[in-house]
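Notes follow the structure.
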Amino acid sequence: MNDWTGFIICLAYIFGLIAFAELLRRKFSYTSDFTRKVIHIGVGMLSWALLFLFDEPWLFILACLGFAVLNLLDWRFGFFTAMSSSHRENLGTVYFPLAAAAVAYVFWDTPPIMVASLMPLALGDGLAPVIGRAFGKHTYQVHTSTRSYEGSIGFFIAALVGTWLALWIMPGTPELGPAQAFLPALVVAAATTLVEAVSSWGVDNLTVTATAMIILALWPF
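Structure representation (structure tokens):
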């Protein structure tokens, strides 16, 4: 596919996702913390399509940097309520596209690792607070943030499944079977769960991704 076509599709998808989240907030009274995670997961899952949307990573990286700036302006001025966090110190929406740009730059030629590196962030970090709010009964404190063990378990399971499927199913190098993909996915899920548990203020969007990147870069595939 022509990279500019992929670029346009990428932008249309993201802005459509923001519009959908805003619809959920306005028409169905979902909180902005929930709709923010809808956007978080939806944008993260776009990584599965990058190989088919772009021949080279540069336009995607440019889009990520542009969204980092846009999200910083949104954090400051509040353009998109559906993306707003209830915690003003949380800059996670700014860190997210920066993390995605770094992953694309480093792992573009190894698509399974590229997608797998983003799954703890996209699925684990996206679902953990949703599960925690719905089922969290046992809490713990990290700095000024209250977490739940149920949310952390949800993070681990989602990160494990997402990372495992990416390493196994995503075409490209390395080519792994389901058994070969499971151990690195397990290690990534365990490590990123611990890192997410001690990261606050949205910085987990960077630390979780960096942890996954380091493990998968060093893994002897």
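Just so you know, my numbering puts 60 at position 61 of the sequence shown, and the rest follows in order with no gaps.
Glycine included, each C-beta is placed from N, C-alpha and C at the ideal position.
Per-residue DSSP class, three states only, for residue i
i: Ala29; result: One point to set straight first is that residue 29 is Tyr, not Ala, in the sequence displayed. Tyr29: coil per DSSP, three-state reduction.
i: Ser144; result: strand
i: Thr138; result: strand
i: Ser151; result: helix
i: Thr109; result: coil
i: Leu164; result: helix
i: Leu175; result: coil
i: Asp54; result: coil
i: Leu193; result: helix
i: Phe220; result: coil
i: Pro170; result: coil
i: Phe79; result: coil
i: Leu90; result: coil
i: Ser199; result: coil
Closest residue to residue i among the options (Cα-Cα distance)
i: Leu122; options: Tyr104, Asn70, Leu71 and Leu164; result: Leu164
i: Ala158; options: Leu217, Ala184 and Met113; result: Ala184
i: Val275; options: Phe59, Leu71, Ala133 and Leu90; result: Since the first residue shown for the chain is 0 and the last is 220, residue 275 is missing from the structure and cannot be characterised.
i: Tyr226; options: Leu182, Glu195, Thr80 and Thr34; result: As shown, the chain starts at 0 and ends at 220. That puts residue 226 outside it, with no answer to give.
i: Lys136; options: Leu126, Asp124, Gly125 and Gly150; result: Gly150
i: Gly91; options: Leu215, Ala188, Thr208 and Phe220; result: Thr208
i: Val197; options: Asp124, Phe78, Ser46 and Tyr94; result: Asp124
i: Val129; options: Ala11, Cys63, Val37 and Ser28; result: Val37
i: Leu126; options: Met113, Ile152, Ile17 and Trp107; result: Ile152
i: Leu182; options: Leu166, Thr210 and Pro170; result: Leu166
i: Ile214; options: Leu49, Arg35 and Val187; result: Val187
i: Phe53; options: Lys26, Tyr29, Trp3 and Leu10; result: Trp3
i: Ala189; options: Ile156, Pro170 and Leu50; result: Ile156
i: Tyr29; options: Phe14, Thr80 and Phe134; result: Thr80
i: Pro219; options: Ala67, Leu120, Phe76 and Glu174; result: Glu174
i: Cys9; options: Ala216, Leu61, Leu217 and Ser31; result: Leu61
i: His39; options: Asn70, Gly171 and Trp107; result: Asn70
i: Phe78; options: Arg132, Ile17 and Tyr94; result: Ile17
i: Trp47; options: Met113, Trp74 and Gly65; result: Met113
i: Ala11; options: Arg35, Trp57, Phe66 and Ser31; result: Phe66
i: Asp265; options: Pro170, Phe154, Asp203 and Val93; result: Residue 265 lies beyond the residue range present for the chain, which begins at 0 and ends at 220; the question has no answer from this structure.
i: Pro170; options: Trp57, Gly131, Asp108 and Gly201; result: Asp108
i: Trp57; options: Phe134, Gly201, Ala103 and Leu193; result: Ala103
Close Cβ partners of residue i (< 6 Å) along its chain, the five nearest in sequence each way excluded
i: Gly161; result: Met118 and Leu122
i: Trp50; result: Here residue 50 turns out to be Leu, not Trp, going by the sequence shown. The residues are Pro110.
i: Phe33; result: none
i: Ala211; result: Ser116, Pro119, Val187 and Thr191
i: Gly5; result: Leu52 and Phe53
Opening and closing residue of the alpha helix (DSSP H) in which residue i lies
i: Phe66; result: Trp57 to Phe76
i: Met212; result: Asp203 to Leu217
i: Leu45; result: Neither: Leu45 is in no alpha helix (DSSP H) and is coded neither H nor E.
Nonlocal neighbours in the same chain, by C-beta distance under 7 Å from residue i, ignoring five residues either side
i: Glu55; result: Asp2
i: Ile168; result: none
i: Met44; result: Ala121
i: Phe27; result: none
Residue i beta carbon near the ligand ATP (any heavy atom closer than 7 Å)
i: Ile17; result: With respect to the ligand ATP, the structure offers nothing, as it holds no ligand at all.
Chain-order list of residues whose beta-carbon lies under 8 Å from that of residue i (same chain, five-residue window excluded)
i: Ser199; result: Val141, His142, Thr143 and Ser144
Original post:
Between the region 131-145 and the region 165-182, are three or more C-beta pairs nearer than 8 Å?
Top reply: No, the region 131-145 is not in contact with the region 165-182.
Subject >> Sufficient close CB pairs (3 or more, under 8 Å) joining the region 15-33 to the region 97-112 >> reply: Remark: fewer than three beta-carbon pairs, one from each stretch, lie closer than 8 Å, so the region 15-33 and the region 97-112 are not flagged as touching.
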